[in-house]
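Since the structure comes first, as structure tokens, the remarks are kept for the end.
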Amino acid sequence: MTKLFSIRRWMQLFGDFDQFLAGMRTTLIVALLGLLIALALGILFGVLSSVKIKILPWIARIYVEFFQNTPLVVQVFFYSFGLPFIGVRIPDLMVGILGVGLYHGAYIAEVVRSGIEAVPKGQVEAAESQGFGHIQVMGYIVLPQTLKITLPPLTNQAMNLVKNTSVLAMIAGMDIMYYAKSWAGNNGFFYQGYLSAGLLYFILCFPLTKLTAWLEQKAKQVPSQKKINNGMEADV
Amino acid sequence: MIKIENLNKYFGNLHVLKDIDLHVKSGEKLVIIGPSGSGKSTLIRCMNYLEEPSSGTVYVDNQELTRKNKTQMAKSTSAMVFQQFNLYPHMTVLKNLTLAPVKLQKIPADKAKEIAMEYLIRVGLADKAEEYPHTLSGGQQQRVAIARALTTRQKIILFDEPTSALDPEMVQEVLDVMIGLSKENITMVCVTHEMGFARQVADRVIFMDEGKIIETGTPEHFFKNPENERTKIFLSKILH
Ligand SMILES: Nc1ncnc2c1ncn2[C@@H]1O[C@H](COP(=O)(O)OP(=O)(O)OP(=O)(O)O)[C@@H](O)[C@H]1O
Ligand SMILES: [Mg+2]
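As you go down the protein sequences, you meet chains A and B in turn.
Position 95, counted from 1, in the first sequence is what the working numbering calls 95; the numbers after and before it change by one each time, with no gaps.
Just add 236 to wherever you are in the second sequence, counting from 1, and you've got the working numbering.
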């Protein structure tokens with residue numbers, strides 16, 4: 001306990017806090033760009049899952065199953081240590097962005113797919129009976145409703161994505177967790193180092209959790225739509 | 237207006253429509269009756285290609301209906317009203333009515349709105365134009381759905397059990413709208429068990445059983461002297 005409450009150790013931490021802030025910056029960049037990639041992939045493969053041309057849902061299925069059923073750490077190690085063997089070198093920052101992007105893209109694809117399926121088929125038929133083609137049915141009828149129902153699980157995914165950027169620390173990715181680990185290791189001040197890391201992640205994630213809850217509350221007020229699953233957990 | 241030749245439909249191994257031949261004339265009001273599972277919905281859904289025939293041909297307005305032209309034909313020739321209303325829940329009543337005219341038929345927005353209001357007045361729901369569908373009763377939603385089918389001014393309207401999902405006290409308000417509609421030169425095909433309605437508007441009633449049309453006649457024929465044994469049994473169940 002004396003170690004935890006040592007004033008000297010905390011002073012040292014505040015002195016070196018710029019390292020943690022640098023880590024926070026990396027984490028934020030990786031999280032934001034990773035989220036953009038995840039959203040783009042998720043929407044693309046989610047929509048492909050519900051297309052009638054058989055080959056496209058198949059491709060989406062392979063992507064989703066592959067990235068959901070292997071650990072994120074393994075995927076990231078592969079980009080970082082495996083790809084160089086075949087002559088592909090990716091900067092660490094990019095590894096982080098691609099890592100969480102591809103991984104969470106698979107989860108978001110599932111969220112989008114179930115969001116599309118949650119729109120009752122009768123509405124699609126009504127639109128078809130009026131003469132709307134597939135793309136128009138998607139654009140005017142299905143996706144606007146999908147967006148509404150998928151917002152809570154999507155923010156939940158964003159939160160998980162932020163937490164999962166901490167996998168970068170394992171490949172020296174200069175993120176929050178990396179600086180916390182190296183600072184704690186160099187000084188031997190583990191309480192201070194990891195508590196600060198936890199706090200910084202909390203600051204990033206807590207608002208997203210609140211936002212998810214708020215959106216879920218709001219979604220409940222719209223009747224006549226089926227519920228969908230809240231995007232499976234996606235922690236390392 | 238609708239000509240069906242040798243139509244067969246399978247769902248997997250299930251033979252749902254068996255060699256159906258049917259000719260619906262322009263302006264005719266046709267009522268389809270029959271027990272549950274006899275293929276009524278499947279038949280009417282083949283008329284706008286919501287179901288794809290396994291074999292046989294459907295001609296609509298003198299054109300063969302195909303996978304290629306189904307969207308075009310839906311846009312220009314037929315409209316449908318469903319048992320479950322199927323309004324677009326994220327749009328106001330008015331937007332439900334103007335979507336197709338504006339996006340598909342390229343009618344200017346204010347003109348489409350004007351037409352939509354005309355039809356809302358006709359179904360007695362002008363005051364609901366800015367409401368969302370879920371705030372309306374079942375009967376009101378179905379009247380909106382009928383108005384939506386009318387705004388595109390098609391030659392054919394298909395109804396698949398439009399009153400079956402409604403509470404009894406709301407059935408008549410919907411039937412009244414349909415009776416009003418039957419005075420026009422529009423072609424109506426209607427799956428329904430409302431024999432009172434059939435008697436009032438139908439030029440012809442067909443009775444389906446196990447994927448076949450087994451009796452055809454005027455409404456009076458079905459009330460007074462149905463011939464087929466299964467027709468009699470069915471009618472005795474729905475007419476009390
Ligand atoms: N998409 C489908 N896939 C498989 N079987 C189906 C499908 N649609 C209908 N069927 C089957 O085809 C048969 C005829 O169905 P259909 O809906 O045309 O009957 P219906 O006369 O409209 O009955 P109801 O009065 O209950 O509406 C039924 O046995 C039904 O289970
Ligand atoms: Mg039916």
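C-beta atoms are modelled at their ideal positions from N, C-alpha and C, and glycine is treated no differently.
Under 8 Å between C-beta atoms of A/Gly99 and A/Gln123: Contact: no.
Beta-bridge pairing of B/Leu243 - partner residues as DSSP gives them: For B/Leu243, which the question treats as bridged, DSSP gives the partners B/Ile256.
B/Glu456: CB within 7 Å of a non-hydrogen atom of ligand 2: With a cut-off of 7 Å, the C-beta of B/Glu456 is classified as distant from ligand 2, since no heavy atom of the ligand falls inside that distance.
Nearest neighbour of B/Pro404, chosen from B/Asn461, B/Ser373 and B/Val425 [CA to CA]: Closest option to B/Pro404, Cα to Cα, is B/Ser373.
Burial state of A/Tyr19, where buried means 16 or more other Cβ atoms lie within 10 Å: Note that residue 19 of chain A is Gln in the sequence shown, not Tyr. A/Gln19 should be labelled buried.
Reduced DSSP secondary structure (H/G/I, E/B, other) of B/Gln299: Three-state result, B/Gln299: strand.
Contacting positions in the stretch 328 to 346 of chain B - beta carbon closer than 9 Å to chain A: The stretch 328 to 346 of chain B vs chain A, Cβ under 9 Å: Leu335, Ala336, Lys339, Leu340 and Gln341.
Chain A contact for B/Gln408 (CB, 8 Å cutoff): In terms of beta-carbon proximity, B/Gln408 stays away from the interface with chain A, with every pair separated by 8 Å or more.
Residue environment, B/Pro462, which counts as buried when at least 16 other CB atoms sit within 10 Å: B/Pro462 comes out buried.
Interface residues of the stretch 406 to 434 of chain B facing chain A [CB-CB below 7 Å]: Residues passing the 7 Å Cβ filter: none.
Alpha carbon of B/Thr387 to alpha carbon of A/Tyr201, nearest angstrom: Roughly 55 Å separates the two Cα atoms.
CB contact check: A/Ala126 to chain B, cutoff 8 Å: Answer yes: the Cβ-Cβ gap between A/Ala126 and chain B drops below 8 Å somewhere.
Around ligand 3, Cβ to any heavy atom closer than 5 Å, ordered along the chain: Ligands present in the displayed structure are limited to ligand 1 and ligand 2, and ligand 3 is not among them.
Cα-Cα separation between B/Glu397 and B/Lys473, rounded to whole angstroms: Taken atom to atom, the span from the alpha-carbon of B/Glu397 to that of B/Lys473 is near 17 Å.
8 Å Cβ cutoff, B/Met316 in contact with chain A: The C-beta of B/Met316 comes closer than 8 Å to at least one C-beta of chain A.
Partners in chain A for B/Ile349, counting only beta-carbon separations shorter than 9 Å: Here residue 349 of chain B is Lys; the residue named in the question, Ile, does not match the sequence. Taking a Cβ-Cβ cut-off of 9 Å, B/Lys349 has no neighbours in chain A, whose nearest Cβ is about 17 Å from it.
Rounded separation between A/Ala213 and A/Leu204 - CA only: Rounded to whole angstroms, A/Ala213 to A/Leu204 spans 15 Å at the Cα level.
Test: A/Gly131 CB closer than 8 Å to a CB of chain B: Among the residues facing chain B, A/Gly131 is included, as its CB has a counterpart in that chain under 8 Å away.
Residues near A/Leu93 in its chain [Cβ-Cβ closer than 8 Å; skip 5 each side]: Excluding residues up to 5 positions away in sequence, Thr26, Ile29, Val30, Gly173 and Met174 lie with their Cβ nearer than 8 Å to the Cβ of A/Leu93 in the same chain.
Integer-rounded CB distance, given that B/Thr334 should sit under 8 Å from B/Lys349: Right, their Cβ atoms sit about 6 Å apart.
Alpha-carbon to alpha-carbon, B/Ile238 and B/Ser314: C-alpha separation (whole angstroms): 10 Å.
Other residues of its chain near B/Thr302: CB distance less than 6 Å, five sequence neighbours each side excluded: Taken in chain order, the list of residues that qualify is empty.
Reduced DSSP secondary structure (H/G/I, E/B, other) of B/Ser277: Assigned with DSSP and collapsed to three states, B/Ser277 falls in helix.
B/Asp396 beta carbon near ligand 2 (any heavy atom closer than 7 Å): Checking every heavy atom of ligand 2 against the Cβ of B/Asp396, one is found closer than 7 Å.
DSSP state of B/Phe318 mapped onto helix, strand, coil: In this structure, B/Phe318 counts as coil in the three-state DSSP scheme.
Chain B within 8 Å of A/Ile116, Cβ atoms only: It does not: the Cβ of A/Ile116 has no partner Cβ on chain B nearer than 8 Å.
Chain A residues whose Cβ lies nearer than 7 Å to that of B/Asn322: Per Cβ cutoff of 7 Å: Gly122, Gln123, Glu125 and Ala126.
Meets three-Cβ-pair contact criterion under 8 Å: the stretch 136 to 147 of chain A and the stretch 111 to 123 of chain A: The stretch 136 to 147 of chain A makes contact with the stretch 111 to 123 of chain A; the number of CB pairs closer than 8 Å reaches 3 or more.
Through-space distance from A/Gln136 to A/Met24, alpha-carbon basis: The alpha-carbon atoms of A/Met24 and A/Gln136 are separated by roughly 42 Å.
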